[in-house]
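Number of protein chains: 6
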Amino acid sequence: MPPEGELRYPSPPLTDSTTTIDDEAGWVWAQIKAEARRDAESEPALASYLYSTILSHSSLERSLSFHLGNKLCSSTLLSTLLYDLFLNTFTSDPGLRVAAVADLRAARARDPACVSFSHCLLNYKGFLACQAHRVAHKLWNQSRRPLALALHSRISDVFAVDIHPAAKIGKGILFDHATGVVIGETAVIGNNVSILHHVTLGGTGKASGDRHPKIGDGVLIGAGATILGNVKIGEGAKIGAGSVVLIDVPPRTTTVGNPARLVGGKEKPAKLEECPGESMDHTSFISDWSDYII
Amino acid sequence: MPPEGELRYPSPPLTDSTTTIDDEAGWVWAQIKAEARRDAESEPALASYLYSTILSHSSLERSLSFHLGNKLCSSTLLSTLLYDLFLNTFTSDPGLRVAAVADLRAARARDPACVSFSHCLLNYKGFLACQAHRVAHKLWNQSRRPLALALHSRISDVFAVDIHPAAKIGKGILFDHATGVVIGETAVIGNNVSILHHVTLGGTGKASGDRHPKIGDGVLIGAGATILGNVKIGEGAKIGAGSVVLIDVPPRTTTVGNPARLVGGKEKPAKLEECPGESMDHTSFISDWSDYII
Amino acid sequence: MPPEGELRYPSPPLTDSTTTIDDEAGWVWAQIKAEARRDAESEPALASYLYSTILSHSSLERSLSFHLGNKLCSSTLLSTLLYDLFLNTFTSDPGLRVAAVADLRAARARDPACVSFSHCLLNYKGFLACQAHRVAHKLWNQSRRPLALALHSRISDVFAVDIHPAAKIGKGILFDHATGVVIGETAVIGNNVSILHHVTLGGTGKASGDRHPKIGDGVLIGAGATILGNVKIGEGAKIGAGSVVLIDVPPRTTTVGNPARLVGGKEKPAKLEECPGESMDHTSFISDWSDYII
Amino acid sequence: MPPEGELRYPSPPLTDSTTTIDDEAGWVWAQIKAEARRDAESEPALASYLYSTILSHSSLERSLSFHLGNKLCSSTLLSTLLYDLFLNTFTSDPGLRVAAVADLRAARARDPACVSFSHCLLNYKGFLACQAHRVAHKLWNQSRRPLALALHSRISDVFAVDIHPAAKIGKGILFDHATGVVIGETAVIGNNVSILHHVTLGGTGKASGDRHPKIGDGVLIGAGATILGNVKIGEGAKIGAGSVVLIDVPPRTTTVGNPARLVGGKEKPAKLEECPGESMDHTSFISDWSDYII
Amino acid sequence: MPPEGELRYPSPPLTDSTTTIDDEAGWVWAQIKAEARRDAESEPALASYLYSTILSHSSLERSLSFHLGNKLCSSTLLSTLLYDLFLNTFTSDPGLRVAAVADLRAARARDPACVSFSHCLLNYKGFLACQAHRVAHKLWNQSRRPLALALHSRISDVFAVDIHPAAKIGKGILFDHATGVVIGETAVIGNNVSILHHVTLGGTGKASGDRHPKIGDGVLIGAGATILGNVKIGEGAKIGAGSVVLIDVPPRTTTVGNPARLVGGKEKPAKLEECPGESMDHTSFISDWSDYII
Amino acid sequence: MPPEGELRYPSPPLTDSTTTIDDEAGWVWAQIKAEARRDAESEPALASYLYSTILSHSSLERSLSFHLGNKLCSSTLLSTLLYDLFLNTFTSDPGLRVAAVADLRAARARDPACVSFSHCLLNYKGFLACQAHRVAHKLWNQSRRPLALALHSRISDVFAVDIHPAAKIGKGILFDHATGVVIGETAVIGNNVSILHHVTLGGTGKASGDRHPKIGDGVLIGAGATILGNVKIGEGAKIGAGSVVLIDVPPRTTTVGNPARLVGGKEKPAKLEECPGESMDHTSFISDWSDYII
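Protein chains in written order, with the UniProt record's numbering: chain A, 1 to 294; chain B, 1 to 294; chain C, 1 to 294; chain D, 1 to 294; chain E, 1 to 294; chain F, 1 to 294.
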């Protein structure tokens with residue numbers, strides 16, 4: 001089944017043909033609250049934290065705005081200012097909530113270490129950086145660029161995740177571990193993409209126009225991979241950990257090494273059957289690749 | 001001499017056959033205090049910092065608890081809460097102090113830039129992240145998982161060191177520079193291991209069970225190396241900087257490149273004579289390797 | 001035109017033969033204030049931030065000291081102490097201002113995403129880490145080493161940029177994105193160098209003497225490149241992204257891969273015509289390199 | 001003209017018969033912004049403060065919510081939580097804005113040291129404590145008593161103004177200097193009242209029911225006056241500084257001394273012609289009183 | 001029944017002849033937790049605050065230490081240091097817990113506005129200042145005077161309650177409202193005393209020896225009363241609000257006015273039947289006094 | 001000897017005919033450092049505080065600027081801004097240092113509870129508020145009124161001491177305890193004056209011109225005294241605690257009561273022989289006064 005930007009996670013139990021996106025968000029938010037309530041009961045030392053970040057809030061947007069405002073504030077950019085900015089932006093664009101819910105489901109479905117939605121909401125710097133980026137991106141598109149860049153800078157300082165506010169990012173994204181991710185100004189990322197830590201979607205440094213990678217739906221990019229220039233990574237492709245990719249990669253193929261080579265060869269590369277961005281299978285090519293190992 | 005999990009650093013001067021581990025910790029703590037006192041005298045601008053972090057405390061555990069509590073706190077996880085948590089955990093398990101002392105000695109012995117024990121205690125994010133991880137690991141094993149994960153998240157935010165609280169780590173560990181280290185849930189690290197920055201001990205993404213590397217005693221892992229999957233890195237092996245390792249590595253061999261190859265070849269790899277985790281010799285294989293350089 | 005440590009950026013419009021370095025700094029500072037004023041007017045939510053960091057200050061040094069003091073402070077190293085330290089150091093050594101101005105111009109000239117001087121001053125962690133490093137380096141040379149190392153530690157925590165205070169760094173430097181940069185104690189970096197994120201200038205771990213790379217003027221080091229040992233990277237050389245370099249690289253040549261190879265071959269490497277540290281052309285060697293791509 | 005709860009300050013210049021309360025608030029807010037803009041221009045060191053507290057906000061309610069949230073927050077009651085609480089309450093009850101505007105006008109009209117509306121908004125602890133009290137009072141009436149009491153406690157800690165959240169306070173109130181004011185649970189204060197610092201409206205301590213003073217419209221209570229028990233201070237009365245009042249005071253009379261006596265005598269007390277709460281004439285009774293001075 | 005330092009509040013319901021002081025403290029602590037739990041459930045916005053201050057703690061001492069540490073800390077006296085200091089002192093001297101419990105019961109019994117034990121514990125600056133004073137007093141007696149004075153200064157800054165650390169204070173004390181209370185170095189306060197705000201127990205300024213008032217058991221001191229010099233206020237006496245007392249006051253008499261006079265006259269003063277420190281009857285003397293009112 | 005604005009404290013031991021004011025300040029600063037050093041040695045828990053506030057600074061002005069900056073800062077008025085403001089003002093006007101030294105000596109000489117200069121410098125809110133006021137006063141005279149008023153507001157919030165920045169205050173001033181002091185815009189205070197807590201130098205509320213008291217040299221104003229209107233308190237007069245003064249008071253006389261009466265009678269008031277502002281004898285008039293006591 002091809003990745004098409006449609007989210008393929010199991011629907012909430014109550015879903016039927018009339019389920020709307022709001023139901024979905026409501027269901028996830030109800031899960032988060034239930035998880036937090038359970039954790040607060042079992043761990044009093046954490047209850048204050050869970051109440052302030054989740055249980056005292058009436059919606060996912062308010063919880064996220066509070067949490068991001070407190071994480072990203074500094075002595076010169078106060079938490080109240082950021083809280084207000086996040087809350088206003090989340091409220092004005094329901095698409096941001098939809099994307100956040102899709103990202104939460106992506107983390108839960110793809111990362112075996114993700115034990116709950118609330119764990120992702122509270123603790124995943126990749127998730128938090130991505131939601132804050134979406135707000136910065138919106139500000140950028142509203143020509144509020146100095147503010148977008150200030151937010152960008154805070155995200156980079158606090159999470160060590162550096163996503164230019166102009167970069168376009170789809171939904172159902174998993175930034176796993178996330179430390180050291182760098183994504184340039186003209187990069188575009190589709191839906192249902194999974195990106196590990198230390199991944200670079202960089203420019204060529206030469207031009208000032210469209211100069212960063214375009215990542216198709218359902219792509220998986222392994223830890224430490226570097227993709228440079230306005231290249232196209234086809235839908236459902238897999239980029240091996242540590243690869244350095246300077247050329248287009250066809251859909252549903254695997255690329256490994258530095259410089260990166262297509263597994264199976266340029267002419268007739270091996271085709272993947274499942275969507276790696278969702279299966280998160282980093283290493284199934286190991287048997288194919290072992291021939292290159294001395 | 002094989003790495004066996006025994007610490008081989010020079011004993012404190014007063015050591016004799018009756019020296020206990022407590023003497024060792026006491027000796028190191030006395031050194032730290034003497035260093036801090038000397039620095040406070042020579043640098044009044046730093047004296048306040050040295051008194052609050054070291055000189056006002058009666059033990060290494062209290063100093064560490066104070067320092068970690070203040071480093072890892074946030075507006076929603078207060079320093080007093082964390083201080084209490086650290087102090088209670090350090091006090092309840094003397095093994096944590098033993099491991100901290102072994103790590104301090106490792107940094108001092110292996111890193112030429114480590115000018116004093118107190119320098120490591122105060123300034124080494126790898127050391128601090130490792131001690132905080134040990135507390136998170138203990139909480140994890142006590143089934144206090146939400147708290148362990150919250151701590152994990154703070155360590156990742158503050159130090160850019162991402163060690164899953166379930167990961168098992170030995171003692172005498174040096175995380176050098178440490179930024180960007182990622183260690184997955186089922187990883188195991190032996191004793192006397194040295195790990196440079198940007199190192200990944202990652203999962204395959206496929207399975208949800210035991211899916212991360214097992215690192216033997218005395219291993220040295222160079223900067224930016226990526227080791228993926230439930231592979232075994234044998235005792236005293238050396239993983240070259242930037243390597244991408246997807247297979248087992250025999251003891252006392254060297255692995256380099258992306259994809260990683262054994263120096264000397266698969267069949268008859270060159271054998272190391274000293275323990276690289278302790279000698280920190282990253283580059284002695286350069287002559288062997290130069291054949292591969294164009 | 002060879003890189004020689006002379007800055008080649010367009011002079012300020014009013015420059016004539018009597019222009020001094022002070023005029024240059026004055027012109028850049030005036031630009032910064034004008035940019036900040038324009039941004040404060042168009043974005044009231046950011047005006048407070050812009051006034052506190054830039055518009056309330058009478059000089060670049062005061063602005064930088066304030067901004068760094070607030071960014072790098074912690075509960076045990078107060079902002080007032082750091083502010084004082086930065087301001088005294090910047091005031092006592094005009095060379096630090098000259099270098100800061102050269103770095104600002106480098107970012108503006110080489111990074112297409114750098115929309116203004118003030119954007120760099122406020123938001124570029126690489127720029128800020130570099131200025132703070134210069135202060136730490138000065139303290140180191142004044143034998144105030146505990147203070148230099150404490151500052152080093154704060155820079156590494158806050159910016160995830162780890163530059164040993166003893167490392168020597170020229171001027172006109174661009175640390176682009178900067179997260180994860182590690183530069184060792186005996187490293188030397190010339191003028192007009194551009195260094196991307198995740199770059200390591202590391203030691204061999206073996207010796208305790210001079211053990212880190214020497215980077216010539218005008219060099220460009222791509223993202224994730226690892227250069228280890230006391231090797232010499234010649235003037236105007238280009239180190240490809242993800243390279244692992246263990247040997248000297250001749251001037252104006254390009255090195256790629258892991259292990260790194262000279263583009264064009266060891267015997268007769270291709271010679272670059274422009275200075276890559278300034279042109280920031282990361283990928284022009286792609287055609288040369290594509291032969292290695294499967 | 002008797003004090004009747006109608007505000008008698010000069011209307012804004014544009015007022016005509018159709019002027020509404022919203023116009024009034026709008027006019028005052030516009031004045032505040034103009035004042036702050038002028039001050040920001042003349043004093044760059046204060047511009048950041050003025051932008052964050054006033055100039056970045058779109059309404060008086062937002063400015064007040066921000067300012068109070070930042071003033072009253074603590075490490076366990078975060079500014080974002082308080083900001084949210086204030087903003088929601090101010091938004092839900094337009095009467096709070098009306099009262100705030102009346103108080104601003106009162107300070108401006110009655111206190112010669114009040115140089116501008118913005119000076120009062122930013123700097124008058126009495127004004128700020130009163131606005132925060134009104135929010136606490138609303139919470140109290142909504143049976144959110146623990147929250148009301150927590151807010152009460154913060155107001156008392158931060159401003160040294162202790163007003164029980166159940167106390168009823170009119171509009172057009174000036175708390176001048178304000179330090180040490182204590183107002184008990186069942187106290188009621190009318191409109192256009194002026195209260196100096198160290199004033200106590202206390203209980204008798206005996207009963208638990210209605211046990212605190214009732215202050216009529218237009219009353220002036222001098223510094224350090226203590227009024228105890230469920231006594232009635234008539235409209236337009238004046239309570240001399242340092243008085244200790246345990247009995248009812250007739251309208252438009254003056255009370256002085258400890259214990260308090262009516263100026264002119266019990267039987268035929270001297271009658272005031274103007275409203276002391278608005279004229280702020282503390283000492284016109286001096287000639288009457290001097291007979292009592294030895 | 002005379003005040004004798006014995007606490008006369010109703011015992012906890014489970015008390016019988018074997019009830020110890022520990023049972024009493026345990027019962028009050030259980031009440032506090034139950035109250036906080038109820039409030040946290042009814043008011044989610046406050047739940048985080050209630051968990052961090054009360055519900056996450058295992059004892060009254062830990063809760064108090066946390067709360068005081070966070071209230072009294074400053075940028076130069078960190079919360080962790082104060083928390084540690086409070087916890088160690090409370091733990092080392094069970095008498096401090098006994099006194100705290102007696103004070104909690106006093107507030108609950110005497111102040112009609114005190115709706116719960118937890119309300120007093122969290123919100124009463126008089127209660128908190130008194131507990132912190134007891135710790136400062138202990139430090140003073142241990143000759144840790146600079147620390148005692150630093151704590152004294154923080155209490156005065158934060159609560160506007162200024163009690164010299166050498167002053168001796170009994171148990172079952174109610175400082176009602178508390179703002180502006182000043183108690184000098186050689187003052188002594190018995191048990192079951194109630195003191196309103198703005199009360200001064202001051203020195204004569206002349207001598208440097210024993211120069212402050214001695215307050216007997218069960219005394220009630222009204223708001224704004226000033227007692228100066230080494231005078232003796234007898235058991236069960238009542239000092240009227242605003243009195244200025246420079247002479248001894250016999251037991252169970254009432255003093256009013258400035259200068260203070262005995263109600264009923266010097267020779268045969270009216271005798272009180274109940275203990276005013278506990279009944280809190282500030283104003284029953286009003287009928288007696290009214291003769292003096294013009 | 002009449003109070004004439006000359007400071008009469010014992011000179012430092014090394015003083016001879018050539019001693020200048022700078023020597024005096026130097027001697028006091030040396031004392032402060034010696035005291036702090038002794039306290040830091042005896043109390044490690046306080047050493048960090050003592051180093052940051054005193055021992056790391058090279059002058060009294062820097063220490064005061066640091067301490068005030070950290071005490072008076074808020075989330076919207078940063079410590080670095082205030083530190084800078086204080087340091088620049090203290091440096092530009094040596095008279096401020098002279099006055100601070102005179103105030104330190106006054107506290108040491110007159111307050112038996114003042115155990116050391118450093119105790120006053122660190123802990124006396126009256127001393128700190130007065131030094132901060134002098135800076136605000138200077139700003140006021142430089143027509144930087146919004147900044148002066150913002151500082152005024154912070155002093156009132158933090159210390160509960162409310163001195164209008166326009167008020168003129170001499171040197172050798174002791175504000176003892178200080179909580180609740182209120183001093184109006186046109187008040188003038190001479191040299192060697194001692195003012196207890198809760199003292200008001202208030203306006204009449206009627207006029208907007210010169211409307212506050214003028215306090216002569218050497219005056220002592222007791223706790224809770226209220227002086228209202230443009231009245232003149234003659235040199236060396238004593239105002240009894242709790243007095244309410246509305247008329248001029250002749251030099252070297254004593255005033256007591258509410259309303260205030262001259263001790264000895266209007267016609268032939270008793271004359272004081274020593275300077276009460278320096279002897280701090282609050283209560284020697286007690287025998288004279290006792291006739292009025294019932």
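Ideal Cβ positions, reconstructed from N, Cα and C, are used throughout, including at glycine.
Would you say residue i faces chain D, with C-beta separation under 9 Å as the test?
| i | result |
| --- | --- |
| L78/B | yes |
| V158/E | yes |
For chain E, is any of its Cβ atoms less than 9 Å away from the one on residue i?
| i | result |
| --- | --- |
| I155/F | no |
| P251/D | no |
Out of curiosity, what's the CA-to-CA distance linking residue i and residue j?
| i | j | result |
| --- | --- | --- |
| G277/D | T200/D | 17 Å |
| E274/D | I247/D | 23 Å |
| L151/D | A136/D | 6 Å |
| V193/F | S59/F | 26 Å |
| P251/D | F66/E | 50 Å |
| N141/A | A36/C | 20 Å |
Check the Cβ of residue i against every Cβ in chain A and list those closer than 7 Å, keeping chain order.
| i | result |
| --- | --- |
| S75/F | L78 |
Quick one: is residue i near chain A, going by C-beta distance under 9 Å?
| i | result |
| --- | --- |
| Y51/E | yes |
With a Cβ-Cβ cutoff of 9 Å, do residue i and residue j count as a contact?
| i | j | result |
| --- | --- | --- |
| P146/D | L46/E | yes |
| A129/F | F175/F | yes |
| N70/A | S74/B | yes |
Using a Cβ cut-off of 9 Å, pull out every chain C residue sitting near residue i, in sequence order please.
| i | result |
| --- | --- |
| A241/B | T200, G202, T226, L228, V244, L246 and N258 |
| D162/A | K125, H177, A178, T179 and H197 |
Is the beta carbon of residue i within less than 8 Å of some heavy atom of the ligand FAD?
| i | result |
| --- | --- |
| N192/D | The ligand FAD is absent from the structure shown, which contains no ligand whatsoever. |
State yes or no: is the beta carbon of residue i nearer than 9 Å to at least one beta carbon in chain B?
| i | result |
| --- | --- |
| E4/A | Here E4/A scores only 36 on pLDDT, less than 50, and its place in the model should not be relied on; the value that follows carries that caveat. Cβ-Cβ to chain B under 9 Å: no for E4/A. |
So which residues on chain B does residue i lean against when the C-beta distance must stay under 8 Å?
| i | result |
| --- | --- |
| L147/C | E43, A45 and L46 |
Check the Cβ of residue i against every Cβ in chain A and list those closer than 8 Å, keeping chain order.
| i | result |
| --- | --- |
| L223/C | What sits at residue 223/C in the sequence shown is Ala, not Leu. Simply V182, T200, G202, T226 and L228. |
If the cut is a Cβ gap below 7 Å, which residues of chain D does residue i touch?
| i | result |
| --- | --- |
| R144/F | E43 |
Please list, in chain order, the residues of the UniProt domain "Serine acetyltransferase N-terminal" (28 to 132) of chain F that have any C-beta partner in chain B closer than 7 Å.
P44, A45, A47, S48, Y51, S52, L55 and S56
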